[in-house]
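Trainee:
Number of protein chains: 2
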Amino acid sequence: MTTVVTSPALDAQAERSTALRVALLGCGTVGSEVARLLIGQAHDLQARVGRPLELVGIAVRRAGRDRAGIDPALFTTDAPALVTRDDVDLVIEVIGGIEPARSLILAALRHGKSVVTANKALLAEDGGTLFAAAEQAGVDLYFEAAVAGAIPIIRPLRESLVGDEITSVIGIVNGTTNFILDKMDSEGAGFAETLAEAQELGYAEADPTADVEAFDAAAKAAILASLAFHTRVTAGDVYREGITEVSTTDIASAREMGSVVKLLAICQLSSGDDGREQSVSVRVHPAMIPRSHPLAGVGGAYNAVFVESRSAGRLMFYGPGAGGGPTASAVLGDLVTVARNRVRGASGPGESTYAARPISPIGSVITRYHLSLEVADVAGVLAQIAQCFAEHGVSIQTVRQQGRAADAQLVIVTHRASDADLSATVDDLRDLDAVRAVTSVMRVEGE
Amino acid sequence: MTTVVTSPALDAQAERSTALRVALLGCGTVGSEVARLLIGQAHDLQARVGRPLELVGIAVRRAGRDRAGIDPALFTTDAPALVTRDDVDLVIEVIGGIEPARSLILAALRHGKSVVTANKALLAEDGGTLFAAAEQAGVDLYFEAAVAGAIPIIRPLRESLVGDEITSVIGIVNGTTNFILDKMDSEGAGFAETLAEAQELGYAEADPTADVEAFDAAAKAAILASLAFHTRVTAGDVYREGITEVSTTDIASAREMGSVVKLLAICQLSSGDDGREQSVSVRVHPAMIPRSHPLAGVGGAYNAVFVESRSAGRLMFYGPGAGGGPTASAVLGDLVTVARNRVRGASGPGESTYAARPISPIGSVITRYHLSLEVADVAGVLAQIAQCFAEHGVSIQTVRQQGRAADAQLVIVTHRASDADLSATVDDLRDLDAVRAVTSVMRVEGE
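Taken in order, these protein sequences are the chains called L and E. The opening position of the first sequence corresponds to residue -12 in this note's numbering, with each subsequent residue numbered one higher. The opening position of the second sequence corresponds to residue -12 in this note's numbering, with each subsequent residue numbered one higher.
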């Protein structure tokens, strides 16, 4: 192949002194930090892109608010007009949520603007539509900030590991729930109390649903699984359990096993060794992991993503999962990349869904389980309980008794079993007269 | 800016079924794994690139050796002819060393081939020449495998964090020395004995100089510093101390402080707060770090790189630092990226040295120190020793005495001081009659 001199390269030369013009959608914690850095680090950004980056407009819901350090003339409430302006080259979306973000991003892409977004919810719900619009317009859609804040994980999955076969991605991708679980572990406090503390400290929102019910983590899991396995996974494909049911007893029980409870986003490729098509399972739920696992030491509001692949082996990426600074860092990294691409007349990788793998239902997922049962009388009931597990082919690894006689509690850890078999076992356990309650069922991962 | 339809995109469409042709230089542990994966994963690689990748030749020193699973017809001993063949698009260099690797890479670049290399020594010695040749030819030079094996660190530094200001990069980037130090820590064995064990297990080479004298780590430090700080740093700019002088006493002493000894590659940007130009310091040496530091838990032959930046905060990247599989994963990730760029008529980021920062001499580096001294009589000599530190403005944090009278040992940990002041202090200590020997001086980092 001969070397091709492309016309965009010549254009670029002619336009070297012309700024690339940036529109910003949203000016909250992340947006205002992005604006501040775009203005404050203009010299470095220009050197890295090869052309100046000029912030030409910021779309906000309400104009007139004082935003320190940012020229008031930049603000507009007319976002649709801003993203389609002829003189805008690049659009940053940090509004979040589905609408109006989706309409604005689609309008920008269709008008030939490259887009950088931090919007995990939108990507997980309708990423396919956005990627198709970017592909059709020949522009970039970058989203490093959508998962795990400043931790570079999107680019490693899309590019660094693209020559490898990734077999699993396990992440702590929600800082709020990690902060809460970490506090419950270190202070022995209950969920409600710890959530209230996290809200006071600003680590949890007034309405904590998206975090504690794991909607946020599920959206990120969908994005990670799509990239890792070259297939489309949406938020609706992700099995999801939040942390509201995690009790101090669960955490104490994990501790006795040398484990900790973490909210994990788990994306796995089935082995497919027996010639069947490889399927993908994606789930987000609290789980016990051994303290020796690299993810166990990820404390406070930090995030980490643990990746296993055929050739590279086990990799981990660790860092702050949220916050204005870290998220702005990821947004600006993407902005420089799409701006460089624009200068070179190039575009980055698009959506890769060629593998089109089926999604495994949660029932077929195989893992280990930790169960707590309140039982009437241990001596009499253990045989019945063991029989119940055996009937569903679920093998028991350990049984531990806590308390005695009338208020006895049994803690059972199983060997690997399918979720369906375990669920059927639990249903039958609940029907036993001697079992007063199945107080907790939690998966055991990372071994 | 309007959307530009580039002619390469049209070329690419016409050539969609045509393979991109790959030449491989070297067929040792890494090369043979790259060849195996290129052939075995052809279907996936084609889907990810958009065109097939075809391995058309492998340059080796001696032909005729049986290399299981690879077509003997692919082998050639004429590497210069292979890299300049008209029908070769992409060249992978995994020979290592300076020559003939440099001449071959330059010939390939000048003939319009994009190059993927794992050659840290060459990049650290003469990367500038290679990058200039790539830039001039409008082709790519990628090198993810050159630092920390499969751990994605080059791309995160070149792209993900390119909108941020990185202030320090601290890495465990040599698996052999980490394996040795880890064994010395866990088994209490000496350096020579542990090196011999590492050699038997295949973790250290017969001639371990490049690893234990830290030449390998210094080359990687130069590459990391160049990328992090947008300036050119060569191996010669790196201050280097190996691990051959690390004693069991040092390791025991670190343990008493709640620390471990690691060979660290440390790249730092000076604060420049007082209006001076920001300079860069790059050094590789054994150091004590607290066990609570994320790098302290990196055991065995694993690598990790810890990055701090203004906006993103503290990030860590962890994984296997060497080996055929991990290195091949990094090489193939780069190969897919440069192949995609080729298909799109684009190229990735080139060398970024716009900041052109001066290199600080080691004497101006400020850190803390751990010293072991054999002294004649503690009661009598402590005042003299303290005076010696005070004269050079080095402040003592702790003094600990081990043993008594004639065979007493003093362990001193300082507050932060410049390397020059500390060295002058050590010189004066050696002149004191009561100081029999300064048995060890080690830096204390990560606090």
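We put the CB at the ideal spot given by N, CA and C, even for glycine. These numbers were taken from a predicted model, which means no experiment stands behind them.
Using a Cβ-Cβ distance cut-off of 8 Å, determine whether V9 of chain E contacts chain L.
Mentor: By this cut-off, V9 of chain E is not an interface position.
Trainee: Where does the unbroken beta strand (DSSP E) through E361 of chain L begin, and where does it stop?
Mentor: From DSSP, the beta strand (DSSP E) with E361 of chain L extends over I353 to V362.
Trainee: To which residues of the same chain is C14 of chain E closer than 7 Å at the C-beta, ignoring the five residues directly before and after it?
Mentor: If we look at C14 of chain E and ignore the five residues flanking it on each side, its Cβ neighbours are A22, I45, V47 and R54.
Trainee: Excluding the five sequence neighbours on either side, which residues of its own chain have a C-beta within less than 7 Å of the C-beta of S334 of chain L, listed in chain order?
Mentor: Same-chain partners within the cutoff: G125, V126, D127 and N328.
Trainee: Quick one: Cα of G136 of chain E to Cα of P313 of chain E, how far?
Mentor: Their Cα atoms are separated by approximately 6 Å.
Trainee: Give the range of the beta strand (DSSP E) segment to which F293 of chain L is assigned.
Mentor: Where F293 of chain L is concerned, the enclosing beta strand (DSSP E) stretches over Y289 to S296.
Trainee: Take V17 of chain L and list the residues in its own chain whose beta-carbon comes closer than 8 Å to its own, dropping the five residues that flank it on each side.
Mentor: Here the set comprises V81, A105, A132, G311, T314, A315 and V318.
Trainee: If we count the other Cβ atoms within 10 Å of its Cβ and call it buried at 16 or more, is L188 of chain E buried or exposed?
Mentor: By the neighbour-count rule (16 or more Cβ atoms within 10 Å), L188 of chain E is not buried but exposed.
Trainee: How would you list, in chain order, the residues of chain L whose beta-carbon sits under 9 Å from the beta-carbon of T324 of chain E?
Mentor: Per Cβ cutoff of 9 Å: E146, S147, V149, G150 and P336.
Trainee: A326 of chain E and V36 of chain E - do their beta-carbons sit closer together than 8 Å?
Mentor: Yes.
Trainee: Determine, using beta carbons only, whether Q0 of chain L comes closer than 8 Å to chain E.
Mentor: The predicted model places Q0 of chain L with a pLDDT of 47, which falls under 50 and marks its position as unreliable, so this point remains unresolved.
Trainee: For F202 of chain L and A193 of chain L, what's the separation of their Cα atoms in angstroms?
Mentor: The straight-line gap from Cα to Cα measures roughly 16 Å.
Trainee: Note down, in chain order, every chain E residue with its Cβ under 8 Å from the Cβ of L32 of chain L.
Mentor: Correct list: G150.
Trainee: Go ahead and pull the three-state DSSP assignment for A421 of chain L.
Mentor: Note: A421 of chain L maps to coil in three-state DSSP.
Trainee: Which value, in whole angstroms, describes the spacing of the CA atoms of A215 of chain L and T5 of chain L?
Mentor: Roughly 38 Å separates the two Cα atoms.
Trainee: Is DSSP giving C375 of chain E helix, strand or coil here?
Mentor: Three-state result, C375 of chain E: helix.
Trainee: Give the single residue among E:S268, E:T164 and E:I79 whose Cα lies nearest to the Cα of A209 of chain E.
Mentor: For the residues E:S268, E:T164 and E:I79, the minimum Cα distance to A209 of chain E belongs to E:S268.
Trainee: Under 9 Å Cβ-Cβ, which residues of chain B neighbour A137 of chain E?
Mentor: This model lacks chain B altogether; the protein chains it does include are L and E.
Trainee: What residues of chain L sit near G158 of chain E, judged by a beta carbon separation below 8 Å?
Mentor: Result: empty, since nearest Cβ-Cβ is about 14 Å, beyond 8 Å.
Trainee: Roughly how many whole angstroms lie between the Cα atoms of Y129 of chain E and D321 of chain E?
Mentor: Whole-angstrom Cα-Cα distance: 6 Å.
Trainee: Sorted by chain position, which residues of the same chain lie with C-beta nearer than 8 Å to S462 of chain L's C-beta, five sequence neighbours on each side aside?
Mentor: Any property of residue 462 of chain L remains undetermined from this structure, which presents chain L solely from -12 to 434.
Trainee: With a cut-off of 8 Å on the beta carbons, I'd call I79 of chain E and V9 of chain E a contact; round off their distance for me.
Mentor: With a Cβ gap of about 7 Å, I79 of chain E and V9 of chain E count as contacting.
Trainee: Could you tell me whether any Cβ in chain E is nearer than 8 Å to the Cβ of A108 of chain L?
Mentor: No, its Cβ sits nowhere closer than 8 Å to a Cβ of chain E.
Trainee: Would you mind working out which of E:N290, E:G337 and E:V381 sits nearest V168 of chain E, comparing C-alpha positions?
Mentor: Sequence check: residue 168 of chain E is Leu here, not Val. When each option's Cα is compared against that of L168 of chain E, the closest is E:N290.
Trainee: Is the beta carbon of L40 of chain E closer than 8 Å to that of L61 of chain E?
Mentor: Not a contact, by the Cβ cut-off of 8 Å.
Trainee: Output needed for G306 of chain L: all residues of its chain with C-beta closer than 8 Å, excluding positions within five of it in sequence on either side, in chain order.
Mentor: A135, G136, A137, I138, Y289, N290, A291 and P313.
Trainee: Under 8 Å: do the segment 93 to 112 of chain E and the segment 101 to 120 of chain L share three or more Cβ pairs, one atom per stretch?
Mentor: In short, these stretches do not touch, since the Cβ pair count stays below three.
Trainee: Can you look up A404 of chain L in the DSSP assignment and give me helix, strand or coil?
Mentor: Strand at A404 of chain L.
Trainee: Could you check whether the Cβ of S155 of chain E sits closer than 8 Å to any Cβ belonging to chain L?
Mentor: For S155 of chain E, the answer is no, since every Cβ of chain L falls outside 8 Å of its Cβ.
Trainee: Comparing alpha-carbon positions, which option in E:E180, E:G150, E:V156 and E:A197 lies nearest G162 of chain E?
Mentor: If we check each option's Cα against that of G162 of chain E, E:A197 comes out closest.
Trainee: To the nearest angstrom, how far is the alpha carbon of T164 of chain L from that of A205 of chain L?
Mentor: Roughly 13 Å between the two C-alpha positions.
Trainee: Is E131 of chain E close to chain L, meaning its C-beta is less than 8 Å from at least one C-beta of that chain?
Mentor: Output row for E131 of chain E: interface = yes.
Trainee: Taking all protein chains shown into account, decide if E174 of chain L is buried (16 or more other Cβ within 10 angstroms of its Cβ) or exposed.
Mentor: The residue is exposed, with fewer than 16 neighbouring Cβ atoms inside 10 Å.
Trainee: Going by C-alpha distance, which of L:T235, L:R355, L:L397 and L:G380 is nearest G367 of chain L?
Mentor: If we check each option's Cα against that of G367 of chain L, L:L397 comes out closest.
Trainee: What would DSSP say about P273 of chain E, mapped onto helix, strand or coil?
Mentor: It is a strand residue.
Trainee: Just mark T64 of chain L as buried or exposed, buried being the case when its beta carbon has 16 or more other beta carbons within 10 Å.
Mentor: Answer is exposed; the Cβ neighbour count stays below 16.
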